[in-house]
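Following: one structure in C-alpha coordinates, then a few remarks.
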Amino acid sequence: MATNWILSTPASIANYLQQDAIALDYITFVASEKVTICTRCCTAVPVMGLDTHLRIAHHVPSKLRRMTIARFDGVPAAQFFNDLVPGQGGSTPLLYFPPPVPGFCCPRCTDFKTINWGQMRRHAKTEHDISASECVQDQSKHTVCLRKRT
(Lines of atoms letter the chains of each structure in order from A; the text may use other names.)
(Lines give C-alpha, C1' and ligand atoms only; values in the text may rest on other atoms or scores of the structure.)
Protein backbone atom coordinates (compact mmCIF):
# COMPACT_ATOMS: atom_id res chain seq x y z
CA MET A 2 0.00 0.00 0.00
CA ALA A 3 1.50 3.33 -1.05
CA THR A 4 1.35 6.49 1.02
CA ASN A 5 1.46 10.18 0.16
CA TRP A 6 3.80 11.97 2.58
CA ILE A 7 5.97 14.96 1.92
CA LEU A 8 9.40 14.20 3.30
CA SER A 9 12.21 16.43 4.42
CA THR A 10 14.17 14.54 7.06
CA PRO A 11 13.94 11.06 8.53
CA ALA A 12 12.74 12.62 11.79
CA SER A 13 9.79 14.24 10.03
CA ILE A 14 8.78 10.89 8.57
CA ALA A 15 8.76 9.26 11.98
CA ASN A 16 6.19 11.82 13.15
CA TYR A 17 3.69 10.35 10.69
CA LEU A 18 4.34 6.77 11.69
CA GLN A 19 4.08 4.83 14.91
CA GLN A 20 7.05 5.32 17.19
CA ASP A 21 7.84 1.61 16.96
CA ALA A 22 11.07 1.35 14.92
CA ILE A 23 9.79 -1.78 13.17
CA ALA A 24 6.84 0.20 11.82
CA LEU A 25 9.12 2.75 10.14
CA ASP A 26 9.01 1.70 6.49
CA TYR A 27 12.12 1.86 4.35
CA ILE A 28 10.35 3.18 1.27
CA THR A 29 7.34 5.41 0.75
CA PHE A 30 5.58 6.69 -2.37
CA VAL A 31 4.82 10.37 -2.98
CA ALA A 32 1.87 10.19 -5.36
CA SER A 33 1.90 13.88 -6.31
CA GLU A 34 5.48 13.50 -7.61
CA LYS A 35 5.20 9.88 -8.77
CA VAL A 36 8.40 8.93 -6.97
CA THR A 37 9.49 6.39 -4.37
CA ILE A 38 11.53 7.81 -1.49
CA CYS A 39 13.89 6.06 0.89
CA THR A 40 12.65 7.13 4.32
CA ARG A 41 16.04 6.41 5.93
CA CYS A 42 18.10 8.82 3.84
CA CYS A 43 15.36 10.91 2.13
CA THR A 44 16.65 10.03 -1.32
CA ALA A 45 14.48 9.60 -4.38
CA VAL A 46 15.05 6.03 -5.58
CA PRO A 47 13.55 4.73 -8.83
CA VAL A 48 11.60 1.49 -8.57
CA MET A 49 14.22 -0.43 -10.56
CA GLY A 50 16.89 0.69 -8.07
CA LEU A 51 15.06 -0.17 -4.83
CA ASP A 52 16.66 -3.58 -4.31
CA THR A 53 20.19 -2.31 -4.88
CA HIS A 54 19.64 0.78 -2.72
CA LEU A 55 18.23 -1.18 0.21
CA ARG A 56 20.93 -3.84 -0.06
CA ILE A 57 23.94 -1.54 -0.41
CA ALA A 58 22.97 1.64 1.45
CA HIS A 59 21.07 0.08 4.36
CA HIS A 60 22.07 -3.62 4.43
CA VAL A 61 18.41 -4.71 4.47
CA PRO A 62 18.07 -8.52 4.52
CA SER A 63 16.82 -10.19 1.34
CA LYS A 64 13.43 -11.25 2.70
CA LEU A 65 12.61 -7.77 3.99
CA ARG A 66 13.79 -6.21 0.69
CA ARG A 67 11.47 -8.48 -1.29
CA MET A 68 8.53 -7.69 1.00
CA THR A 69 9.22 -3.95 0.80
CA ILE A 70 9.62 -3.89 -2.99
CA ALA A 71 6.51 -6.04 -3.54
CA ARG A 72 4.41 -3.25 -2.04
CA PHE A 73 5.29 -1.07 -5.02
CA ASP A 74 4.30 -3.43 -7.85
CA GLY A 75 2.06 -1.47 -10.21
CA VAL A 76 2.63 1.88 -8.47
CA PRO A 77 3.05 4.62 -11.12
CA ALA A 78 6.46 5.75 -9.86
CA ALA A 79 9.67 6.67 -11.69
CA GLN A 80 11.21 3.42 -12.90
CA PHE A 81 14.78 4.50 -13.73
CA PHE A 82 17.25 7.22 -12.65
CA ASN A 83 16.72 9.03 -15.96
CA ASP A 84 13.07 9.49 -14.97
CA LEU A 85 14.22 11.58 -11.98
CA VAL A 86 15.10 14.88 -13.63
CA PRO A 87 15.75 18.31 -12.12
CA GLY A 88 13.05 20.93 -12.49
CA GLN A 89 13.38 24.08 -14.56
CA GLY A 90 16.50 26.11 -13.91
CA GLY A 91 18.26 23.18 -12.26
CA SER A 92 15.94 23.15 -9.27
CA THR A 93 15.33 19.94 -7.43
CA PRO A 94 12.70 17.59 -8.88
CA LEU A 95 10.96 17.56 -5.50
CA LEU A 96 10.44 20.99 -3.99
CA TYR A 97 11.08 19.82 -0.43
CA PHE A 98 14.53 18.35 -1.20
CA PRO A 99 17.69 20.44 -1.11
CA PRO A 100 19.00 21.52 -4.52
CA PRO A 101 20.89 18.91 -6.57
CA VAL A 102 24.67 18.98 -6.71
CA PRO A 103 26.96 18.31 -9.68
CA GLY A 104 27.92 14.70 -10.05
CA PHE A 105 29.09 12.06 -12.48
CA CYS A 106 27.27 9.69 -14.83
CA CYS A 107 28.67 6.39 -15.93
CA PRO A 108 29.68 6.85 -19.57
CA ARG A 109 28.45 3.33 -20.42
CA CYS A 110 25.33 2.72 -18.32
CA THR A 111 22.83 5.41 -17.41
CA ASP A 112 21.81 3.98 -14.04
CA PHE A 113 25.05 4.69 -12.16
CA LYS A 114 25.28 8.25 -10.82
CA THR A 115 27.38 9.56 -7.95
CA ILE A 116 28.87 12.74 -6.54
CA ASN A 117 32.06 10.87 -5.60
CA TRP A 118 34.76 10.70 -8.31
CA GLY A 119 36.45 7.71 -6.65
CA GLN A 120 33.23 5.71 -6.77
CA MET A 121 32.79 6.70 -10.42
CA ARG A 122 36.31 5.50 -11.29
CA ARG A 123 35.86 2.20 -9.40
CA HIS A 124 32.52 1.55 -11.10
CA ALA A 125 33.91 2.36 -14.56
CA LYS A 126 36.92 0.08 -14.00
CA THR A 127 35.16 -2.90 -12.41
CA GLU A 128 31.96 -2.87 -14.47
CA HIS A 129 33.20 -1.67 -17.87
CA ASP A 130 37.03 -1.87 -17.76
CA ILE A 131 37.31 1.86 -18.50
CA SER A 132 40.41 3.74 -17.31
CA ALA A 133 40.14 6.97 -15.32
CA SER A 134 41.40 9.05 -18.27
CA GLU A 135 38.77 7.53 -20.58
CA CYS A 136 36.15 8.20 -17.95
CA VAL A 137 37.20 11.88 -17.72
CA GLN A 138 37.03 12.26 -21.51
CA ASP A 139 33.58 10.68 -21.58
CA GLN A 140 32.37 12.96 -18.75
CA SER A 141 33.31 16.04 -20.75
CA LYS A 142 31.12 14.85 -23.64
CA HIS A 143 28.02 14.69 -21.47
CA THR A 144 26.09 17.24 -19.51
CA VAL A 145 26.83 17.01 -15.82
CA CYS A 146 24.39 14.81 -13.99
CA LEU A 147 22.64 16.13 -10.95
CA ARG A 148 21.89 14.16 -7.84
CA LYS A 149 20.19 15.05 -4.60
CA ARG A 150 22.62 15.91 -1.82
CA THR A 151 22.59 13.19 0.84
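So the sequence shown is residues 2 to 151, counted in the working numbering.
Backbone N, C-alpha and C fix where the C-beta goes; we use that ideal spot for every residue, glycine too.
Note that the structure is a prediction, hence the values are computed from the model and not measured.
- Pairing Val-36 with Phe-73 gives a Cβ-Cβ distance that is not under 7 Å.
- Nearest Cα to Gln-80 within the set Cys-42, Val-46, Ala-125 and His-54: Val-46.
- The three-state reading of DSSP puts Phe-30 in strand, counting E and B together.
- If you draw a straight line from the Cα of His-129 to the Cα of Thr-40, it is about 31 Å long.
- If you draw a 10 Å sphere on the C-beta of Arg-67, you find fewer than 16 other C-beta atoms in it, and that means exposed.
- If you look at Ile-38, you'll find it in the beta strand (DSSP E) that goes 36–39.
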